[in-house]
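Asker:
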Amino acid sequence: MSQDSRSTLHSLASNPPTSDRFSNLVDRAIDTLDRLLDSDALSASERAQVALKILEMAGASSPVAAKPAIASPSNGRSSDVASTALDRSPTRFLPAHYVQIDNFLSPDENREALEIALNNQQQFITSTTTTNAENYRKSWVLYATLFPSFYELLKKKIIKTVPSILAQLKMSEFLISKVEMQLTAHNDGCYYKVHNDSGSATTATRELTYVYYFCQEPPPFSEGQLRLYDTELKEGVANSYSTYKDIEPRNNRIVFFNSRCKHEVLPVRCPSQKFEDSRFTLNGWIRRVEV
Numbered sequence: 079m080s081q082d083s084r085s086t087l088h089s090l091a092s093n094p095p096t097s098d099r100f101s102n103l104v105d106r107a108i109d110t111l112d113r114l115l116d117s118d119a120l121s122a123s124e125r126a127q128v129a130l131k132i133l134e135m136a137g138a139s140s141p142v143a144a145k146p147a148i149a150s151p152s153n154g155r156s157s158d159v160a161s162t163a164l165d166r167s168p169t170r171f172l173p174a175h176y177v178q179i180d181n182f183l184s185p186d187e188n189r190e191a192l193e194i195a196l197n198n199q200q201q202f203i204t205s206t207t208t209t210n211a212e213n214y215r216k217s218w219v220l221y222a223t224l225f226p227s228f229y230e231l232l233k234k235k236i237i238k239t240v241p242s243i244l245a246q247l248k249m250s251e252f253l254i255s256k257v258e259m260q261l262t263a264h265n266d267g268c269y270y271k272v273h274n275d276s277g278s279a280t281t282a283t284r285e286l287t288y289v290y291y292f293c294q295e296p297p298p299f300s301e302g303q304l305r306l307y308d309t310e311l312k313e314g315v316a317n318s319y320s321t322y323k324d325i326e327p328r329n330n331r332i333v334f335f336n337s338r339c340k341h342e343v344l345p346v347r348c349p350s351q352k353f354e355d356s357r358f359t360l361n362g363w364i365r366r367v368e369v
């Protein structure tokens, strides 16, 4: 790191900002990181350090990286393979904890999400899994490359929420590298059997899973709950317990949980079998920077 950068960080550490500046610094921290990441004066790690120091001084560290890439058409699989092995730490118990926020988007934004789904019906493709297992998942997906503006809108709202989510889930803070996103449609008989979202080398950097629900009103489907299991991590392998919590897929609700937790989507009942009556979600994963 350059001498100027060291001086800046030393100054921040030695002279923390007064309390009346805390709120302003928190609000400006993400913007600061956005601006610094476009500068050639510092390396990426040095630029991140400066912004993180501002957040730490504000007492609300929010390790967020700017401009995460839109998930490419890979059915939720990332092309960048993690360079480190899966977590081989001692046995850990992950309770089925989640954070639920109702009315996450404005009414207009909620309607826009539904319009995107309905206007792109012909662009949806059959979903698969990272292991290509048969009869394990049934749904249709639309990639974020087909709705870039809404991706940016939702991504920014999610990133601003991350510090609070991590605190409530008692998870360690991390520097975000990417927010992956896809739009998923579950119709009559659709499901996704028990799995977790970070159980392979290509998904190991996924820390948080999020699911934003939206649909017609009143909901023309039933069931399709998200079932989140108490999970044991042992030598890098996630095992689900028989204990769980069910989360109702209500319109304009978003749910966050640890990507290592086992979960499933219970079968959906949609009597009309019409696409527009589906259980829709904007779902994805928040990845950490590889250290």
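Note that the numbering used here has the sequence shown beginning at 79, numbered continuously upward. Using N, Cα and C, we set each Cβ at its ideal position, and we do this for glycine too.
Bridge partners of residue 359, per DSSP?
Answerer: 262, 291
Asker: Rank 280, 246, 227 by C-alpha distance to the C-alpha of residue 368 and give the top, closest one.
Answerer: 280
Asker: Find the nearest neighbour of residue 355 within the set 271, 249, 339, 297, judged by alpha-carbon distance.
Answerer: 297
Asker: Is the distance from the Cβ of residue 370 to the Cβ of residue 288 below 7 Å?
Answerer: The structure shown does not extend to residue 370, since the chain spans only 79 to 369, so no value can be given for it.
Asker: Answer with buried or exposed for residue 223, where buried requires no fewer than 16 other C-beta atoms within 10 angstroms of its C-beta.
Answerer: exposed
Asker: Whose C-beta lies closer than 7 Å to the C-beta of residue 306 among residues of the same chain, with five residues either side of it excluded?
Answerer: 174, 176, 322, 323, 325, 335, 339, 341
Asker: At a cut of 8 Å, does the stretch 348–364 reach the stretch 264–273 through at least three beta carbon pairs?
Answerer: yes
Asker: Relative to the alpha-carbon of residue 331, which residue among 179, 169, 170, 172 has its alpha-carbon at the smallest distance?
Answerer: That would be 179, whose Cα lies nearest to the Cα of residue 331.
Asker: Are the Cβ atoms of residue 284 and residue 365 separated by less than 7 Å?
Answerer: yes
Asker: In chain order, what residues of the same chain have a beta carbon less than 8 Å from the beta carbon of residue 259, not counting five sequence neighbours either side?
Answerer: 148, 149, 222, 229, 232, 233, 360, 361, 362
Asker: What is the DSSP secondary structure of residue 229, counted as helix, strand or coil?
Answerer: helix
Asker: Can you tell me which of 313, 240, 246, 261 puts its alpha carbon nearest to the alpha carbon of residue 254?
Answerer: Measuring from the Cα of residue 254, the nearest candidate turns out to be 240.
Asker: Which value, in whole angstroms, describes the spacing of the CA atoms of residue 192 and residue 183?
Answerer: 12 Å
Asker: How should residue 256 be labelled, buried or exposed, when 16 other C-beta atoms within 10 angstroms of its C-beta is the threshold for buried?
Answerer: buried
Asker: Given a cut-off of 7 Å, decide if residue 328 and residue 291 are closer than it, judged by their beta-carbon atoms.
Answerer: Cβ distance < 7 Å, so residue 291 and residue 328 count as in contact.
Asker: Apart from the five residues on each side of it in sequence, which residues of its chain come closer than 7 Å, Cβ to Cβ, to residue 303?
Answerer: 324, 325, 326, 327, 344
Asker: Put residue 172 into one of helix, strand or coil per three-state DSSP.
Answerer: strand
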